[in-house]
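A short worksheet on the structure shown next.
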Amino acid sequence: MRRYSAFALVREGLRQHSGWDRAWHSPTPKSRYDVVVVGAGGHGLATAYYLGKNHGIRNVAVIEKGWLGGGNTGRNTTIIRSNYLQDPSAAIYEKARSLYETLSQELNYNVMFSPRGVMMLAQTLHEVRGYKRTAEANALQGVVTEFISPARVKELCPIMHIDGPRYPVLGALWQPRGGTARHDAVAWGYARACADMGMDIIEQCEVKGVLRANGKVSGVETTRGTIACDKLAMVVAGHSSVLAEMAGFRLPIESMPLQALVSEPIKPCMDVVVMANTVHGYMSQSDKGEMVIGGGTDGYNAYTQRGSFHHIEETVRALCETFPIISRLKMLRQWGGIVDMTGDRSPIISTTPLGNCFVNCGWGTGGFKAIPGSGWAMADLVAKGEPGPLSAAFGLERFREGRFIDESVAAGVAH
Ligand SMILES: Cc1cc2nc3c(=O)[nH]c(=O)nc-3n(C[C@H](O)[C@H](O)[C@H](O)COP(=O)(O)OP(=O)(O)OC[C@H]3O[C@@H](n4cnc5c(N)ncnc54)[C@H](O)[C@@H]3O)c2cc1C
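Per our numbering, residue 307 is the first one in the sequence shown, and the count goes up by one each step.
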């Protein structure tokens with residue numbers, strides 16, 4: 307595949323853009339692959355990419371029931387950070403964040419990573435204590451964060467009202483190299499790099515059944531026929547329990563709607579990402595000028611890719627308190643995704659009762675930031691058949707053994 311470069315842009319500009327290759331093709335599925343990855347979201351595509359790049363496994367198909375990146379990967383609010391409390395979480399999220407730093411160069415695709423800084427506001431004494439503790443843990447883990455004062459919060463984000471009537475800002479956990487990236491571009495960049503390695507990305511192809519023989523997976527039944535495989539990787543976020551049921555085992559996952567919305571575009575007024583977990587909302591400004599807003603999950607399980615109306619009202623009302631200027635903005639669009647929640651709010655990257663079947667899910671409300679690290683760890687697991695250092699703590703057995711990785715503070719509302 308031809309490289310994208312400034313020179314290529316000029317060349318194509320001069321010949322009316324007639325020479326670009328397709329970023330990925332729409333192949334007819336082959337009858338057998340070494341590895342079938344189900345789900346062409348960021349995590350599935352990154353898994354395929356690192357299988358090829360780190361392990362030389364390239365006879366791989368990524369199967370997607372809709373369109374590439376049409377799940378949560380193309381629906382999230384794109385916040386990237388790694389300020390988690392527990393060591394295994396900090397390790398995998400920081401691996402991902404550090405891979406994001408050079409992902410555009412690595413994939414030869416501009417994923418628009420913008421390390422503009424992320425702050426998590428402390429608006430109760432409980433949060434002050436919690437975030438100070440996280441900052442100390444991060445120092446030991448090699449993750450650069452600091453607890454900053456209300457005055458510094460105001461300096462970094464002048465539109466914020468820090469003396470709110472209910473919840474004054476008492477400080478914040480600040481990660482200066484956290485930020486955002488363009489979500490579609492992350493999926494497209496990985497897809498193009500996978501296609502370049504000869505992998506098949508098969509859209510509009512739904513997995514309807516998992517074929518089993520002698521305690522192992524032998525292939526998948528899809529809407530485009532049967533596909534045999536030596537190994538199966540399930541990376542389908544909100545549909546993880548559905549796929550697991552097809553394979554004959556259960557997952558401790560609840561699927562819930564999570565929604566986001568954007569305002570009309572306005573002049574640049576905020577160049578950091580702010581999360582206000584006490585009032586239940588978070589906000590950043592996109593390159594187009596829209597204020598990108600998100601809140602918590604809906605209060606019930608569902609498979610709808612839309613959120614309930616009262617939740618939008620709740621989120622916006624809460625944010626108006628901290629950002630009074632948004633009370634005068636019109637909201638442009640609202641959408642939802644189906645997030646896969648575990649009880650300890652940490653992901654699952656695991657072997658399963660079927661020897662050659664692996665599962666990656668449970669990223670819940672916060673998996674966009676993890677895509678490169680998760681793909682790296684999952685590829686390692688699939689290639690070697692056993693967990694590596696990044697995934698060892700995230701096995702399914704932790705729910706049986708009570709070894710939870712409790713990240714409800716880091717992941718509860720904010721993403
Ligand atoms: C509104 C919202 C805001 C969010 N904000 C953030 C944020 O700011 N920061 C952050 O880090 N995270 C955020 N997240 C979470 C993040 O988006 C997800 O954790 C992440 O995108 C999950 O990626 P994935 O590749 O696992 O899943 P997905 O992108 O959902 O991909 C799974 C794919 O599997 C496909 N699939 C399902 N069933 C089948 C089947 N039977 N056959 C074939 N294909 C199938 C689906 O169509 C889908 O495309 C947010 C999520 C939402 C919904």
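Yeah, the Cβ is synthetic: ideal placement off N, Cα and C, and Gly gets one too.
Item                                                                                                 : Value
Inter-stretch contact at 8 Å, needing at least 3 Cβ pairs: the region 460–476 / the region 636–647   : no
Counted within 10 angstroms of its Cβ, other Cβ atoms place HIS432 as buried (16 or more) or exposed : exposed
Cβ-Cβ separation, GLU461 to LYS371 (assumed contact under 8 Å), whole Å                              : With 8 Å as the limit, LYS371 and GLU461 do not qualify as a contact, their Cβ atoms being about 47 Å apart.
Per-residue burial, GLY606 [other beta carbons within 10 Å of its own, 16 or more giving buried]     : Note that residue 606 corresponds to Tyr in the displayed sequence, not to Gly. With fewer than 16 other Cβ atoms within 10 Å, it is exposed.
Anticipated Cβ contact below 8 Å, LYS514 with GLU527, distance rounded                               : 5 Å
Cα-Cα separation, ARG317 to HIS323                                                                   : 8 Å
Pairwise C-alpha distance: TYR415 and ALA720                                                         : At ALA720 the pLDDT is 45, less than 50, meaning the model places this residue with poor confidence and gives no usable figure here.
LEU549 beta carbon less than 8 Å from that of MET540                                                 : yes
Secondary structure of ASP712, DSSP reduced to three states                                          : coil
Sheet register partners of LYS537 (DSSP bridge)                                                      : VAL341
Separation of ALA487 from VAL417, as counted between CA atoms                                        : 6 Å
Runs of beta strand (DSSP E) wholly within the region 390–434 (minimum 3 residues, chain order)      : 424–428
heavy atom of ligand 1 below 7 Å from ASN787 C-beta                                                  : Look at the range of the chain in this structure, 307 to 721, and you will see that residue 787 is not part of it.
Residues near LYS594 in its chain [Cβ-Cβ closer than 7 Å; skip 5 each side]                          : PRO571
Residues bridged to THR603 [DSSP beta-bridge criterion]                                              : LEU564
Residues bridged to GLN640 [DSSP beta-bridge criterion]                                              : LEU567
8 Å Cβ cutoff met for ALA543 and TRP373                                                              : no
Coil, strand or helix - VAL316 by DSSP                                                               : helix
Where CYS667 falls: helix, strand or coil (DSSP)                                                     : strand
THR383 CB to nearest heavy atom of ligand 1 below 7 Å                                                : yes
Residue range of the unbroken alpha helix (DSSP H) whose run includes THR628                         : 615–628
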